[in-house]
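**Q** Residue numbers (the numbering used here): -2 to 126. Using N, Cα and C, we set each Cβ at its ideal position, and we do this for glycine too. First the structure, then my questions, so here it is.
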Amino acid sequence: MTRVPPTHPSVSPAPRQPAGTATPEPASTAATGATAATAKPTEEPTGKAHTKPATKPKPSATPPPTDAPTTSWYTSPAATDAARRMSAAGTVGDPACTLSAVGRPDPALVPRESRIGIGHHGTYWCLVW
């Protein structure tokens, strides 16, 4: 048996079967199978042409600059003291806090374009502006 190198390196040859164990196929099926193994499909069974899916752009590590107002956050000793008092009392609310919370406060409730002092003790938070 002489081995012939494939003419198309991107197409794998059909798997070899040991001699004497293969059952012969009808000529029409064998010809169709050989054509299907070497031909590159251009259409899906539904009739739609193959298209490569568009790649989505990767998000940038840094957000693009915007002209939106900015909020400056800083650790406030007064807010931290108020959070300690709320934690000790087991209640939410202190006269020093503009916004008090148990758990993380909702940033949507704070004003834009401001400087906000934050302080927390345990799960109690105090924000001042």
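1. Since Ile113 and Trp126 are thought to touch, with beta carbons under 8 Å apart, how far apart are those beta carbons, to the nearest angstrom?
2. Let me know the secondary structure DSSP gives Ser97 once reduced to three states.
3. Rounded to the nearest angstrom, how far is the Cβ of Gly116 from that of Thr77, given a contact under 8 Å?
4. Taking the beta carbon of Arg109 as the centre, do at least 16 other beta carbons fall within 10 Å, making it buried, or is it exposed?
5. Would you mind stating whether Ser97 and Gly90 have Cβ atoms separated by less than 8 Å?
6. Given this structure, state the Cα-to-Cα distance separating Thr68 from Ser111, to the nearest angstrom.
7. Give the single residue among Arg81, Thr52 and Thr59 whose Cα lies nearest to the Cα of Leu124.
8. Ignore the nearest five residues each way along the sequence and tell me which others in Val99's own chain have a CB closer than 7 Å to its CB.
9. Have a look at the DSSP bridge pairing and note the partners of Ser122.
10. Helix, strand or coil for Thr77? Go by DSSP, reduced to three states.
11. Using a threshold of 8 Å, state whether the C-beta atoms of Ala75 and Ala86 are closer than that.
12. Identify whether Arg112 lies in helix, strand or coil by the three-state DSSP scheme.
13. Could you check where the beta strand (DSSP E) with Thr59 kicks off and where it finishes?
**A** Straight from the coordinates:
1. Mapped onto the sequence shown, residue 113 falls at position 116. Mapped onto the sequence shown, residue 126 falls at position 129. Indeed, because the Cβ distance is near 5 Å, the residues count as touching under 8 Å.
2. Position 100 of the sequence shown holds residue 97. Residue state, collapsed to three classes: strand.
3. For this step, residue 116 is matched to residue 119 along the sequence shown. For this step, residue 77 is matched to residue 80 along the sequence shown. Indeed they touch by this definition, with Cβ atoms about 3 Å apart.
4. For the purposes of this step, residue 109 is identified with residue 112 of the sequence shown, where counting begins at 1. Exposed, because fewer than 16 other Cβ atoms sit within 10 Å of the Cβ of Arg109.
5. By 1-based counting over the sequence shown, the position of residue 97 is 100. By 1-based counting over the sequence shown, the position of residue 90 is 93. Their beta carbons are under 8 Å apart, which means Ser97 touches Gly90 by this criterion.
6. On the sequence shown, position 71 is the one that residue 68 refers to. On the sequence shown, position 114 is the one that residue 111 refers to. Approximately 5 Å between the Cα atoms of the pair.
7. Against the sequence shown, residue 124 aligns to sequence position 127. Per the Cα distances, Arg81.
8. On the sequence shown, residue 99 is found 102 positions in, with the first residue counted as 1. So the list reads Val89, Thr120 and Tyr121, once near-sequence residues are dropped.
9. Taking the sequence shown and counting its residues from 1, one reaches residue 122 at position 125. Looking at the sequence provided, one finds Trp at residue 122 rather than Ser. DSSP output for Trp122 lists Ala98 and His117 as bridge partner(s).
10. The residue labelled residue 77 in the question sits at position 80 within the sequence shown. In the three-state DSSP reduction, Thr77 falls in the helix class (H, G or I).
11. Sequence index remark: in the sequence shown, residue 75 carries index 78 (1-based). Sequence index remark: in the sequence shown, residue 86 carries index 89 (1-based). No, the pair does not count as a contact, with Cβ atoms beyond the cut-off.
12. Here residue 112 corresponds to residue number 115 of the sequence shown, with the count starting at 1. Three-state result, Arg112: strand.
13. Indexing the sequence shown from 1 puts residue 59 at position 62. From DSSP, Thr59 is part of no beta strand (DSSP E); its letter is neither H nor E.
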